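A short worksheet on the structure shown next.
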Amino acid sequence: MQATRTFSHSGSGIFLMCAGIACIAINDAFAKVLTEGYAPVQILFLRNILALPFALVVVLLLRGKTAVSSRRPLAHLLRGAFWTCAATFYFTGLKYLDLAEATALTFSAPIFIISLSSLFLGEHVGWRRGAAVIIGFVGVLIVVRPGSAAFQPAALFPVGTALFYALLMIGSRWVDPRESVWTVMLWLVGAGALISALFAPFYWTPVQYEDLWRFGAIAVFGTAGMTLITQAFRFSEASTVANFEYTGLIWATLLGWLIWREVPDLATFVGAAVIVFSGAFIVYREGQMKV
41 MQATRTFSHS
51 GSGIFLMCAG
61 IACIAINDAF
71 AKVLTEGYAP
81 VQILFLRNIL
91 ALPFALVVVL
101 LLRGKTAVSS
111 RRPLAHLLRG
121 AFWTCAATFY
131 FTGLKYLDLA
141 EATALTFSAP
151 IFIISLSSLF
161 LGEHVGWRRG
171 AAVIIGFVGV
181 LIVVRPGSAA
191 FQPAALFPVG
201 TALFYALLMI
211 GSRWVDPRES
221 VWTVMLWLVG
231 AGALISALFA
241 PFYWTPVQYE
251 DLWRFGAIAV
261 FGTAGMTLIT
271 QAFRFSEAST
281 VANFEYTGLI
291 WATLLGWLIW
301 REVPDLATFV
311 GAAVIVFSGA
321 FIVYREGQMK
331 V
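Here's what the structure looks like:
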């Protein structure tokens, strides 16, 4: 009975993770379309400001008014700054890169998480995870191809996204552990809206009527994706569901081909495979160390 219940929870977590990643991929596709006419920081601001009421309603329904307040608001603001930088870098990269290439480079986040955890938190990194970090970095180099004729400086933007995403994850250590994941989600959206609002006026372009539904779509799919992924980690162990984050590369490749007829080259596929292998091994080792 216990094994059946565990399998059921794992299956639910995997389903929620895959559904959440699919929503994020759709969000990214809409964002790529919008980068043709709007600055990344404006896209981010409008997504957050539209998603904030939805996130607030979800938190109030699930946790009540007490979940709105935080014991460490500065920690949330700092994480909001990291997230704003990560999203802005990513949207900027989407303007110039294929969707699959940009997505593949963001999967280098575990490399930065391990490296920064060792540097700033003093966590021990064994030789296996250290080797995985080096292998993952080689994968990034394969995709980016520095020094070659195929090198695009814009490829550094998704790498910057992975770096700031890693800082965002490490910053979760500063959040009060008594706060629920829903409080963290609400403050992340709210802090992102506040910080992006400081810069959006300098890059503002009047929103065209035909783009309103696209901004609504990234708010819905982006928030839904975050919520589903959060629930996935609540249903199952992180080591069980984290690897399914890489299904995003399948969605990115499919959407890129359907919308823009993008076909990643061989180097992108090879580099993405190396990055995915490295990240999956890091997640596996994290799970083994917690057993």
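Convert by adding 40 to the 1-based position in the sequence shown; the result is the number in the working numbering. Cβ coordinates follow ideal geometry from the N, Cα and C atoms, glycine included. Predicted, not measured: the structure shown is a model, and the values here were computed from it.
Local conformation of Pro93 per DSSP, three classes: helix
Cβ separation of Gln192 and Tyr136, assumed to be a contact under 8 Å, to the nearest whole Å: 7 Å
Assigned exposure category for Thr146 - 16 Cβ within 10 Å defines buried: buried
Neighbourhood of Val178 by C-beta distance below 8 Å, restricted to the same chain and skipping five residues each side: Val314
Cut-off 8 Å between Cβ atoms - residues of its own chain near Phe261, not counting five sequence neighbours on either side: Cys63, Ile64, Ile66, Asn67, Phe70
Alpha-carbon to alpha-carbon, Ser52 and Phe275: Pairing Phe275 with Ser52, the inter-Cα distance amounts to about 7 Å.
Residue closest to Ala115, alpha-carbon to alpha-carbon, out of Ala233, Leu228, Asp251: Ala115 has its Cα closest to that of Leu228, out of Ala233, Leu228, Asp251.
When Ile322, Gly319, Ala320, Gly288 are compared against Ala142, the one with the closest alpha-carbon: The option with the nearest alpha carbon to Ala142 is Gly288.
Where the alpha helix (DSSP H) through Lys105 begins and ends: Looking at the DSSP string, Lys105 is not in any alpha helix (DSSP H), and its letter there is neither H nor E.
Distance between beta carbons of Tyr286 and Val316, contact taken as under 8 Å: 5 Å
Contact the region 90-101 vs the region 215-232: 3+ CB pairs below 8 Å: yes
CB-CB length for Ala202 against Ala149, believed under 8 Å: 4 Å
Of the residues Pro80, Glu219, Leu156, Val184, the one placed nearest Val173, counting alpha carbons only: Leu156
Residue from Gly77, Phe55, Leu56, Ala59 with nearest C-alpha to Glu250: Checking every option, the nearest Cα to that of Glu250 belongs to Gly77.
Pair within 7 Å by beta-carbon distance, Thr263 and Ala59: no
Cβ-based burial, Thr44 [other Cβ within 10 Å; buried from 16]: In this predicted model, Thr44 has a pLDDT of only 45, less than 50, meaning its place in the structure is not dependable; the value taken from the coordinates is given anyway. Exposed, by the Cβ-count rule.
Whole runs of the beta strand (DSSP E) within the region 153-212, excluding any shorter than 3 residues: none
Alpha helix (DSSP H) runs contained entirely in the region 231-276, provided each spans 4 or more residues: Complete alpha helix (DSSP H) runs here, min 4: 252-275.
Thr46 classed as buried or exposed, judged by whether at least 16 other C-beta atoms fall within 10 angstroms: Note that Thr46 has pLDDT 46, beneath the 50 cutoff, so the model's placement of it is unreliable and the number below is only indicative. Burial call: exposed.
Reduced DSSP secondary structure (H/G/I, E/B, other) of Leu56: helix
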